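**Q** Input: one structure, supplied below.
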Amino acid sequence: MVASLYSIKVNCLNCNNQFDTLKPRSKFCIVLNKDTDFCNHYKDYINPYFYEVYVCPQCGFAFTESFTEKLKEDVKREFYEKVASKWYKRYQYSFARSLGTAIEAYKLALLTANIVKEKDWVIAGLALRLGWFYRYRKNLEDEIKFLTIARDYYLKAYNEDGLRGYENPEITVLYLIGELSARIGDNQTALKFLAKVTEHESREFHKAIVNQARDRWYSIKELKRAK
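Position 219, counted from 1, in the sequence shown is what full-length UniProt numbering calls 219; the numbers after and before it change by one each time, with no gaps.
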């Protein structure tokens, strides 16, 4: 095993199989720069994002630590019919992951999340990571595709009060909706939600993100005037 990775044991949420998977050691995860939608670019592809999804080699259930821990029996049956019944043991996700393998793992997690009807913000987070991965590949078409999915699910979570359990404050979701809207060309929604950030009741406690939202709001306005 390479020195930058270490092994952990994980229990599958679906079949209870215990399996080994890898995580990167934090001291090897060196951030080179960060994009305005919080995407970190890491040195030498030692990227913690690649390992956030656990894939059970026994049944194919792909999940993160944000997934609901207890699955109902009818959900398990549906997952079996759609994935597990067609799955054969695959161990490639338990080793060091390339960008391509990480994309496969996240797509499998996105499929799993939709089958088990995971929380909207969980689905949004998976799609956001996939958008970032395609940015690494300089594949703009697929980047926009997954950023759009992420934006729509964050918007759904916000509008339907579905942020329960989300690890970040609401103001972060507002910013992401605005930022992702700008990146997919929906400037009207971008301006609306970036303004919500600057007016949010907790803005005094999140000055960095408020300043970033304000800068993005002005840059979008300037672009609109220039057209």
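By construction, the Cβ of each residue, glycine as well, lies at the ideal position given by its N, Cα and C atoms.
Please read all numbers here as calculations on a predicted model, not as lab measurements.
Just to confirm, are TYR154 and LEU126 a CB contact at a threshold of 9 Å?
**A** As a position in the sequence shown, residue 154 is number 154, starting the count at 1. As a position in the sequence shown, residue 126 is number 126, starting the count at 1. It is not a contact, given that the beta carbons lie outside the stated cut-off.
**Q** Could you check what DSSP says for VAL55 in three-state terms: helix, strand or coil?
**A** Position 55 of the sequence shown, counted from the start, is the residue given in the question as residue 55. If DSSP states are grouped into helix, strand and coil, VAL55 belongs with the strands.
**Q** Can you find the residues in the same chain that come closer than 8 Å, C-beta to C-beta, to ILE30, ignoring five residues on each side of it along the sequence?
**A** The residue labelled residue 30 in the question sits at position 30 within the sequence shown. Contacts found: TYR42, LYS43, ASP44 and ILE46.
**Q** Could you round the C-beta distance between ILE171 and LEU191 to whole angstroms and report it? I think they count as a contact, below 8 Å.
**A** Your numbering for residue 171 matches position 171 in the sequence shown. Your numbering for residue 191 matches position 191 in the sequence shown. About 16 Å; that fails the 8 Å criterion.
**Q** For a test of the three-state rule: what should DSSP assign to ILE30, helix, strand or coil?
**A** Here residue 30 refers to the residue found at position 30 when the sequence shown is read from its first residue. Three-state DSSP puts ILE30 in coil, outside helix and strand.
**Q** Out of LYS27, ALA96 and GLU118, which one is the CA nearest neighbour of LEU71?
**A** The sequence position of residue 71 within the sequence shown is 71, counting from 1. With distances taken between Cα atoms, LEU71 lies closest to GLU118.
**Q** Does the structure place the region 101-114 close enough to the region 15-28 that three or more beta carbon pairs sit under 8 Å?
**A** Not touching, per the Cβ criterion.
**Q** Taking DSSP as the reference, what is the three-state secondary structure of LYS89?
**A** For the purposes of this step, residue 89 is taken as the residue at position 89 of the sequence shown. Looking at LYS89 - three-state DSSP - the assignment turns out to be coil, as it is neither helix nor strand.
**Q** On the DSSP bridge assignment, give the partners of LYS9 in chain order.
**A** Walking along the sequence shown from the start, residue 9 turns up at place 9. Paired residue(s): ASP20.
**Q** Does DSSP put PHE63 in a helix, in a strand, or in coil?
**A** In the sequence shown, counting from the first residue as 1, residue 63 sits at position 63. If DSSP states are grouped into helix, strand and coil, PHE63 belongs with the strands.
**Q** For a quick check, are the C-beta atoms of TRP121 and ALA157 less than 9 Å apart?
**A** By 1-based counting over the sequence shown, the position of residue 121 is 121. By 1-based counting over the sequence shown, the position of residue 157 is 157. Against a cut-off of 9 Å, the Cβ pair of ALA157 and TRP121 comes out as a contact.
**Q** By the three-class DSSP mapping on this structure, what secondary structure does ASN168 have?
**A** Position 168 of the sequence shown, counted from the first residue, corresponds to residue 168. Coil.
**Q** Mind checking LYS9: buried by the 16 CB within 10 Å criterion, or exposed?
**A** Along the sequence shown, read from residue 1 onward, the residue named residue 9 stands at position 9. Label assigned to LYS9: exposed.
**Q** Using a Cβ-Cβ cutoff of less than 7 Å, which residues in the same chain neighbour ARG183 once the five nearest sequence positions on both sides are dropped?
**A** The residue given as residue 183 occupies position 183 in the sequence shown. Result list for ARG183: ASP37 and LEU147, in chain order.
**Q** Leaving out five residues before and five after VAL53 in sequence, what residues of the same chain have Cβ atoms less than 6 Å from its Cβ?
**A** Residue mapping note: residue 53 aligns to position 53 of the sequence shown, counting from 1. These residues qualify, in order along the chain: ALA62, THR64, ALA105, TYR106 and ALA109.
**Q** Just verifying my parser: in three-state terms, what is the DSSP assignment at ASN14?
**A** Walking along the sequence shown from the start, residue 14 turns up at place 14. It is coil, neither helix nor strand.
**Q** Name the DSSP bridge partner or partners of TYR42?
**A** The count along the sequence shown starts at 1 and reaches residue 42 at position 42. In DSSP, TYR42 forms a bridge with VAL31.
**Q** Here's the rule: buried if 16 or more other CB atoms are within 10 angstroms of the residue's CB, otherwise exposed. What is LEU32?
**A** Along the sequence shown, read from residue 1 onward, the residue named residue 32 stands at position 32. Counting Cβ neighbours within 10 Å, LEU32 comes out exposed, since fewer than 16 surround it.
**Q** First and last residue of the alpha helix (DSSP H) that includes ILE184?
**A** Within the sequence shown, residue 184 is the residue found at index 184, counting from 1. Where ILE184 is concerned, there is no enclosing alpha helix (DSSP H), given that its DSSP letter is neither H nor E.
**Q** Using three-state DSSP, classify LEU163 as helix, strand or coil.
**A** In the sequence shown, the residue the question calls residue 163 occupies position 163. Coil at LEU163, not helix or strand.
**Q** Look at the alpha carbon of TYR88 and the alpha carbon of PRO24, and state the distance between them as a whole number of angstroms.
**A** Taking the sequence shown and counting its residues from 1, one reaches residue 88 at position 88. Taking the sequence shown and counting its residues from 1, one reaches residue 24 at position 24. Cα to Cα, the separation comes out at about 27 Å.
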